[in-house]
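S.K.: Residue numbers (the numbering used here): 211 to 502. Where a beta carbon is used, it is the ideal one built from N, C-alpha and C, also for glycine. Below is one structure. I have some questions about it.
Structure, rendered in structure tokens:
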């Protein structure tokens with residue numbers, strides 16, 4: 211029997227007009243979200259008249275809400291998806307995975323995400339870049355060879371796509387190093403080095419904020435970005451918090467789920483993660499026949 215894994219995208223999947231089909235289907239949740247946030251989340255997502263959707267403190271709660279409504283709508287259409295074997299979210303999307311696993315309710319998740327977005331938006335003095343075409347071993351070797359000690363690996367998205375993060379001066383040096391090595395260095399439009407050691411102050415504040423909420427045991431296996439393994443019942447809050455200042459281990463997470471048998475991956479509201487999963491799967495298939 212084929213198992214099901216539901217995927218929830220994170221920051222980068224947002225776009226003007228998102229959610230326009232699902233906001234009218236869930237008026238009470240839409241109103242609740244707007245009351246919590248202090249502005250119309252539907253207006254922000256659908257028309258974005260003030261151009262705020264691209265800012266982290268607006269992007270994160272907006273995407274959380276749209277992901278949630280898209281998931282609820284999908285579950286109404288396909289009730290069997292409510293019993294998915296695996297739930298996975300990339301960075302911000304992990305909050306939607308935990309919501310789908312009934313670890314917390316919609317309101318709690320939104321308040322957590324709102325605070326997370328605020329804290330991450332306050333962080334400055336750094337940047338992030340995608341390194342395309344390089345394997346993780348090559349990325350690590352270049353960082354070592356060029357003594358880029360202030361650079362962290364923030365995301366491992368596919369076998370040939372990593373995200374690095376660090377202070378601005380170090381990112382300039384990293385660009386030169388990766389360019390000279392023949393790999394594509396693509397700067398990301400972010401205000402800070404997310405998922406790196408430089409987010410530890412924000413993480414410390416988030417610890418205190420998250421302490422006021424209760425977390426239930428997940429009803430399905432939620433794969434944690436921090437460990438690339440299912441959340442453990444006695445460490446849910448701690449594991450989620452550590453995500454802020456640590457690498458998103460997406461490749462390992464996908465490989466773990468693929469190793470559990472015949473799995474169908476279904477992405478909510480986007481195709482970004484689906485493309486990553488296909489690349490991971492393609493390499494895995496080649497390896498199984500000795501071609502990689």
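1. Just how far apart, CA to CA, sit residue 342 and residue 396?
2. Going along the chain, which residues of its own chain have a beta-carbon closer than 6 Å to the beta-carbon of residue 324, five neighbours each way excluded?
3. Taking only three categories from DSSP, how would you classify residue 226?
4. Go ahead and label residue 350 buried or exposed: buried means 16 or more other beta carbons lie within 10 angstroms of its beta carbon, across all protein chains shown.
5. Using three-state DSSP, classify residue 473 as helix, strand or coil.
6. My parser needs the beta strand (DSSP E) runs of 3 or more residues fully inside the region 285-343; what are they?
7. What's the call for residue 362, buried or exposed, on a 16-neighbour Cβ count within 10 Å?
8. Relative to the C-alpha of residue 364, which residue among 379, 346, 230 is closest?
9. Using a Cβ-Cβ cut-off of 8 Å (strictly less than) and excluding sequence neighbours within five positions of residue 321, which residues of its own chain qualify?
10. Could you pull out every residue in the same chain whose Cβ sits closer than 6 Å to the Cβ of residue 501, ignoring the five residues on either side in sequence?
11. Just checking my contact of residue 475 with residue 458 at CB under 8 Å: how many whole Å lie between their CB atoms?
12. By DSSP's criteria, residue 375 is part of a beta bridge. Which residues make up the other side?
13. Three-state secondary structure (DSSP) at residue 236?
14. Return the chain-ordered list of same chain residues with a C-beta closer than 6 Å to the C-beta of residue 431, the five sequence neighbours on each side being excluded.
15. Measure the C-alpha to C-alpha separation of residue 379 and residue 336 and round it to an integer number of angstroms.
16. Compute the beta-carbon to beta-carbon distance between residue 329 and residue 319, rounded to the nearest angstrom, for a pair I have assumed lies under 8 Å.
17. Which parts of the region 383-467 are runs of the beta strand (DSSP E), unbroken and 3 residues or longer, counting only runs that do not cross its ends?
18. Verify whether the separation of the beta carbon atoms of residue 338 and residue 463 is less than 9 Å.
19. With respect to the beta strand (DSSP E) encompassing residue 217, which residues constitute its N-terminal and C-terminal limits?
M.R.: With the given structure in hand:
1. The sequence position of residue 342 within the chain shown is 132, counting from 1. The sequence position of residue 396 within the chain shown is 186, counting from 1. About 8 Å.
2. As a working note, residue 324 is residue 114 in the chain shown. Counting only Cβ-Cβ distances below 6 Å, and skipping sequence neighbours, we find 271.
3. Numbered from its first residue, the chain shown carries residue 226 at position 16. Note: residue 226 maps to coil in three-state DSSP.
4. As a working note, residue 350 is residue 140 in the chain shown. Residue 350 should be labelled exposed.
5. Along the chain shown, one-based indexing puts residue 473 at 263. Strand, per DSSP.
6. 296-299, 337-342
7. For this step, residue 362 is matched to residue 152 along the chain shown. Result: buried.
8. Working through the chain shown from its first residue, we reach residue 364 at position 154. With distances taken between Cα atoms, residue 364 lies closest to 346.
9. Numbered from its first residue, the chain shown carries residue 321 at position 111. Within the same chain, residue 321 has close Cβ partners 246, 423.
10. Counting from one through the chain shown, the residue named residue 501 turns up at place 291. Residue confidence is low: residue 501 scores 43 on pLDDT, short of 50, so the model does not pin down where it sits. No coordinate-derived value is stated.
11. Here residue 475 refers to the residue found at position 265 when the chain shown is read from its first residue. Here residue 458 refers to the residue found at position 248 when the chain shown is read from its first residue. That belief does not hold up - the Cβ atoms of residue 475 and residue 458 are roughly 17 Å apart, past 8 Å.
12. Here residue 375 corresponds to residue number 165 of the chain shown, with the count starting at 1. Partner(s): 338, 362.
13. Translated into the one-based positions of the chain shown, residue 236 becomes position 26. Note: residue 236 maps to coil in three-state DSSP.
14. For the purposes of this step, residue 431 is taken as the residue at position 221 of the chain shown. Closer than 6 Å at the Cβ level, and outside the excluded window around residue 431, lie 296, 440.
15. Looking up residue 379 in the chain shown gives position 169. Looking up residue 336 in the chain shown gives position 126. Computed Cα separation, rounded: 8 Å.
16. The residue given as residue 329 occupies position 119 in the chain shown. The residue given as residue 319 occupies position 109 in the chain shown. Not really, about 16 Å apart at Cβ, beyond 8 Å.
17. 394-397, 431-433
18. For the purposes of this step, residue 338 is taken as residue 128 along the chain shown, with counting starting at 1. For the purposes of this step, residue 463 is taken as residue 253 along the chain shown, with counting starting at 1. No, Cβ-Cβ distance for residue 338 and residue 463 is not below 9 Å.
19. Here residue 217 refers to the residue found at position 7 when the chain shown is read from its first residue. Residue 217 -> beta strand (DSSP E) spans 213-218.
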